[in-house]
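Residue numbers (full-length UniProt numbering): 1 to 544. Yeah, the Cβ is synthetic: ideal placement off N, Cα and C, and Gly gets one too. Remarks on the structure that follows.
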């Protein structure tokens, strides 16, 4: 039993996700002695997945090139995934008065935006799996530009709604595919940092948009929100077009086979059967030449899956037959949705007396959750990879994806924040204390989303695209549902009641991480033998 993770008992030689990560002195023989390792401080880390000798393999790209691509995608996620949704949160009361519509109708400007984002996810996933991520990201960025132009020119509620619906098509790719892009570019021991950078973008930065949008609406008018978004999204689209090549790569399966962890099968006489494994450097013939700049910048780079488009559309739904994949979708979706619920009602609480805050002041309240997100994501980023490497070394150099999960214990901070927000807001307490409680929820959310996302990538890399797409679908449909009833719920029962419910649900979900940690390896072993995706021949060509 590796640090509490129950061992596989099925006789399977290699459990997907379990790899030799840290080189231990007594293991520097056999297969491990011939594998490629990191450099400098990572010189004792066995690279997983093993890179090919192809200079066009994203794993072989210079580190600065990888960081440049991530920076462009993070910028896109800031605009498309983190800004579009909460863009109008601080302006709800202003828009209600201008269009003479009830608060629920104004909230639905965000609700319909979210439902389009959720509904378009299977299409984004299928296109990315079939034709690569680059054209999907480009189409998403263009949708943001077009929707923002319509929003900036809108004079009526329905025109603004049309712009928001078009903007919804920009969200899906940047909320889901950015996570799996990290798996394309980085090795297992590097992913925790970058997964948490994406998590930070999707949580903390979304609150920063309200800090900016409130004063902009107050001083210049809400149309300027869209003017600014047109300029920024247009610039990001240009960067994407020129400096972010395709990261999908069809890797020879033999680069995964040599990562067996020493769990060899035994024959009836008790002698060990060890398959011959060549070194990673011997697994390929002469590498192809590196692509030119213009070849890399091609929008269409071929197909990456031979499966039918219909099968790929079904992928995000079928991946939920994997119970632990379903768990990651539910826990991250539900816990993330709690801070969105707060953003829906913050103007409703603080614009009327006794607070009587202006639109700008309502926007400034997002400082608390922004700082909470910064603190939470920074802590997770600093500890995630270090913890997993330390645990792998304690486990004789063997890495288990479940080693990502212990940090979830700190997600209970979110539960405390939700209870505290409800209690203090119900009592019409100090606005700074309420904001502090809101910030606490974001600290806890970071400790839920980061580890769960990294776990999904490492444990079920072959269908991580589908898992993250299912996650975006689930949580965006939740957001849409909230837009129908959360404002009325607050009006009827007060602030405390909804947040007692949210806090209790979040606590219950966090507790479920324990059985996932204990039985994760057993379940991965079982799933590899009864994988419904493979039975239906839906291949995603993703590697460890």
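The Cβ-Cβ distance between residue 178 and residue 73 falls below 7 Å.
The beta-bridge partner set that DSSP reports for residue 165 is empty. Using a Cβ distance threshold of 7 Å, residue 172 and residue 124 count as a contacting pair.
With respect to residue 325, residue 182 sits apart: the two C-beta atoms are not nearer than 7 Å. With 16 or more neighbouring CB atoms inside 10 Å of its own CB, residue 399 falls in the buried class. Comparing alpha-carbon positions, the option among 39, 309 and 184 lying closest to residue 56 turns out to be 184. Look at residue 19 here: in three-state DSSP terms it is strand.
Following the DSSP letters along the chain, one finds residue 487 inside the alpha helix (DSSP H) bounded by residues 464-493. Here the C-alpha atom of residue 174 lies approximately 25 Å from the C-alpha atom of residue 383.
Bridge pairing for residue 230: absent [DSSP]. Between the C-alpha atoms of residue 320 and residue 460 there is a straight-line separation of about 12 Å. Assigned with DSSP and collapsed to three states, residue 434 falls in helix. Around the CB of residue 141, 16 or more other CB atoms lie within 10 Å, so the residue is classed as buried. Between residue 362 and residue 347 the beta-carbon gap is near 5 Å, inside 8 Å, which marks them as a contact. In summary, residue 493 is exposed, with fewer than 16 beta-carbon neighbours lying within 10 Å of its beta-carbon over all protein chains present. The alpha carbon of residue 339 has as its nearest neighbour, out of 301, 373 and 352, the alpha carbon of 373. A check of alpha carbon separations from residue 189 across 50, 308 and 157 identifies 50 as the nearest. Distance from the Cα of residue 92 is smallest, within the candidate group 81, 108 and 82, for 108.
Straight-line measurement puts the Cα of residue 224 at about 24 Å from the Cα of residue 356.
In terms of Cβ geometry, residue 316 and residue 469 form a close pair [threshold 7 Å]. Looking at the DSSP output, residue 2 bridges to 5. DSSP places residue 531 in no alpha helix (DSSP H); its state is neither H nor E. Taking residue 207 as reference, the option from 48, 364 and 145 with the minimal CA-CA separation is 364.
In the pairwise beta carbon analysis, the region 383-392 is classified as not touching the region 429-446: fewer than three pairs are separated by under 8 Å. For residue 46, the beta-bridge partners assigned by DSSP are 37.
If you draw a straight line from the Cα of residue 83 to the Cα of residue 226, it is about 11 Å long. Per DSSP, the unbroken alpha helix (DSSP H) holding residue 133 starts and ends at 133-153.
Collapsing the DSSP output to three states places residue 299 in coil.
For residue 119, the enclosing alpha helix (DSSP H) covers residues 103-119. Residue pairing from DSSP leaves residue 63 without any beta-bridge partner. The region 436-456 makes contact with the region 398-412: 3 or more CB pairs, one atom from each, lie closer than 8 Å.
The alpha carbon of residue 242 has as its nearest neighbour, out of 69, 529 and 322, the alpha carbon of 69. Assignment of beta-bridge partners to residue 399 by DSSP yields 19. In this structure, residue 8 lies away from residue 393, with their beta-carbon atoms at least 7 Å apart.
Boundaries for residue 170: no alpha helix (DSSP H) harbours it, and the DSSP string shows neither H nor E there.
Non-local C-beta neighbours of residue 210 in its own chain, meaning closer than 6 Å and more than five positions away in sequence, comprise 86, 89, 90, 363 and 366, ordered along the chain.
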